[in-house]
Ligand code: DC
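Numbering (this note's numbering), first residue to last: 1 to 227.
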């Protein structure tokens, strides 16, 4: 039976590490929706496109519409492609994350990416992680989880992740970036970060990604077999 697992939560909660592990355990596809917002943000940065305010009409909005119409985003085999080019190695920088957060507040940006995300869900069983998966992209998902952790723990993890990619950023800066982005993501008008109805909350302080993944995989297995 085809099913969808929705995983939402703030940045650094471990969503992507955990979701990837769950996908492996269950033998289903993994969709990193944040990577799509980041890939689009990379294009916005590269093309030096000024973002309009949400619902603003006029020149900036027109330019963004034109950019969106001329942009192809595709996720395949755990890689993210922007206009046919694999940009997986370029989307993790903090500047790209900030523009991803700012542009994700725009309804036209969300409309484009949500449509692509829903296509994945039509085809096969998938675990998708993001901010609005259980509340908006797949509100009918059979399994919904909300992963979170204390801001300090999330900043610690994010800092390690960036360090592995060769970026050594002070803890205080990572923490303030995380807090700023979470505030913006949770307070925007369109599809903000929220705990979806029916979602199970999982606080990941003090538990490993493997343990969190086992918890989710077990819930899904129990649901699928009815045991
Ligand atoms: O999960 P992430 O840090 O890679 O996501 C980057 C930004 O993209 C995040 O700050 C908000 C936005 N985003 C979103 O609005 N909706 C999603 N489903 C996923 C990400």
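By construction, the Cβ of each residue, glycine as well, lies at the ideal position given by its N, Cα and C atoms. The structure displayed is predicted, hence computed values, not measured ones.
- Task: Measure the alpha-carbon distance for residue 31 versus residue 127 and round it to whole angstroms.
- Result: By 1-based counting over the chain shown, the position of residue 31 is 31. By 1-based counting over the chain shown, the position of residue 127 is 127. Cα atoms of residue 31 and residue 127: separation of roughly 6 Å, rounded to the nearest angstrom.
- Item | Selected residue, minimal CA-CA separation from residue 176, among 204, 98 and 59 | In the chain shown, counting from the first residue as 1, residue 176 sits at position 176. Just measuring C-alpha positions, the residue of 204, 98 and 59 sitting nearest residue 176 is 98.
- Is residue 10 buried or exposed, if buried means 16 or more other CB atoms sit within 10 Å of its CB? The residue given as residue 10 occupies position 10 in the chain shown. Residue 10 comes out buried.
- If you follow the beta strand (DSSP E) that residue 8 is part of, which residue opens it and which one closes it? Here residue 8 refers to the residue found at position 8 when the chain shown is read from its first residue. Here the beta strand (DSSP E) through residue 8 covers 4–8.
- Item | Option nearest residue 151 by Cα separation, candidates 191, 199, 89 and 13 | If you number the chain shown from 1, residue 151 lands on position 151. Each of 191, 199, 89 and 13 was checked against the Cα of residue 151, and the nearest Cα belongs to 13.
- Task: State the Cα-Cα distance for the pair residue 124 and residue 117, rounded to the nearest angstrom.
- Result: The residue labelled residue 124 in the question sits at position 124 within the chain shown. The residue labelled residue 117 in the question sits at position 117 within the chain shown. Residue 124 and residue 117: Cα-Cα distance of roughly 12 Å.
- Name the DSSP beta bridge partners of residue 82, please? Locating residue 82 in the chain shown gives position 82, counting from the first residue. Bridge partners of residue 82: 73 and 85.
- Task: Use the C-beta contact count for residue 46: other C-beta atoms within 10 angstroms, 16 or more gives buried, fewer gives exposed.
- Result: Residue numbering aside, residue 46 sits at position 46 when the chain shown is read from its first letter. Residue 46 should be labelled exposed.
- Query: CA-CA distance, residue 189 and residue 106?
  - Reply: Here residue 189 is taken as the residue at index 189 of the chain shown, counted from 1. Here residue 106 is taken as the residue at index 106 of the chain shown, counted from 1. So the alpha carbons of these two residues sit roughly 9 Å apart.
- Applying the criterion that 16 or more other CB atoms from any shown protein chain within 10 Å of the CB defines a buried residue, is residue 183 buried or exposed? Looking up residue 183 in the chain shown gives position 183. The residue is exposed, with fewer than 16 neighbouring Cβ atoms inside 10 Å.
- Per DSSP, what kind of secondary structure is residue 96 in: helix, strand or coil? Translated into the one-based positions of the chain shown, residue 96 becomes position 96. Per DSSP, reduced to three states, the secondary structure at residue 96 is helical.
- Task: Entirely within the segment 89–160 and at least 3 residues each: give me those beta strand (DSSP E) ranges in chain order.
- Result: Listed in chain order, the complete beta strand (DSSP E) runs (minimum 3 residues) inside the segment 89–160 are 126–130 and 143–148.
- Message: Shorter than 7 Å, the distance from the beta carbon of residue 33 to the closest heavy atom of the ligand DC, or not?
- Response: Along the chain shown, one-based indexing puts residue 33 at 33. Yes, the beta carbon of residue 33 sits closer than 7 Å to at least one heavy atom of the ligand DC.
- Message: By alpha-carbon positions, which one of 208, 53, 5 and 92 ends up nearest to residue 161?
- Response: What you label residue 161 is simply residue 161 of the chain shown in a count that begins at 1. Restricting attention to 208, 53, 5 and 92, the CA atom closest to the CA of residue 161 is found in 92.
- Message: I'd like the list of long-range same chain contacts for residue 205, defined as Cβ closer than 7 Å, with 5 residues on each side in sequence excluded.
- Response: Counted from its first residue, the chain shown places residue 205 at position 205. Excluding residues within five positions, the ones whose Cβ falls inside 7 Å are 149, 150 and 153.
- Query: Taking C-beta to C-beta, are residue 138 and residue 216 nearer than 8 Å?
  - Reply: The count along the chain shown starts at 1 and reaches residue 138 at position 138. The count along the chain shown starts at 1 and reaches residue 216 at position 216. It is not a contact, given that the beta carbons lie outside the stated cut-off.
- Query: Does the Cβ of residue 97 lie closer than 7 Å to at least one heavy atom of the ligand DC?
  - Reply: The count along the chain shown starts at 1 and reaches residue 97 at position 97. Yes, since a heavy atom of the ligand DC falls inside the 7 Å radius drawn around the Cβ of residue 97.
- Straight-line CA distance for residue 39 to residue 54? As a working mapping, residue 39 is identified with position 39 in the chain shown. As a working mapping, residue 54 is identified with position 54 in the chain shown. Residue 39 and residue 54 have their alpha carbons spaced roughly 20 Å apart.
- Message: Tell me the DSSP secondary structure of residue 168 in three-state form.
- Response: In the chain shown, residue 168 corresponds to position 168, counting from 1. The DSSP-derived three-state label of residue 168 is coil.
- Please classify residue 61: does DSSP put it in a helix, a strand, or coil? As a first step, residue 61 is located in the chain shown; it is residue number 61 there, counting from the start. Of the three classes helix, strand and coil, the one that applies to residue 61 here is helix, per DSSP.
- Which term fits residue 75, buried or exposed, when burial requires 16 or more other beta carbons within 10 angstroms of its beta carbon? Here residue 75 corresponds to residue number 75 of the chain shown, with the count starting at 1. Residue 75 is buried by the Cβ-count criterion.
- Query: Leaving out five residues before and five after residue 120 in sequence, what residues of the same chain have Cβ atoms less than 6 Å from its Cβ?
  - Reply: Position 120 of the chain shown, counted from the first residue, corresponds to residue 120. Within the same chain, residue 120 has close Cβ partners 31 and 126.
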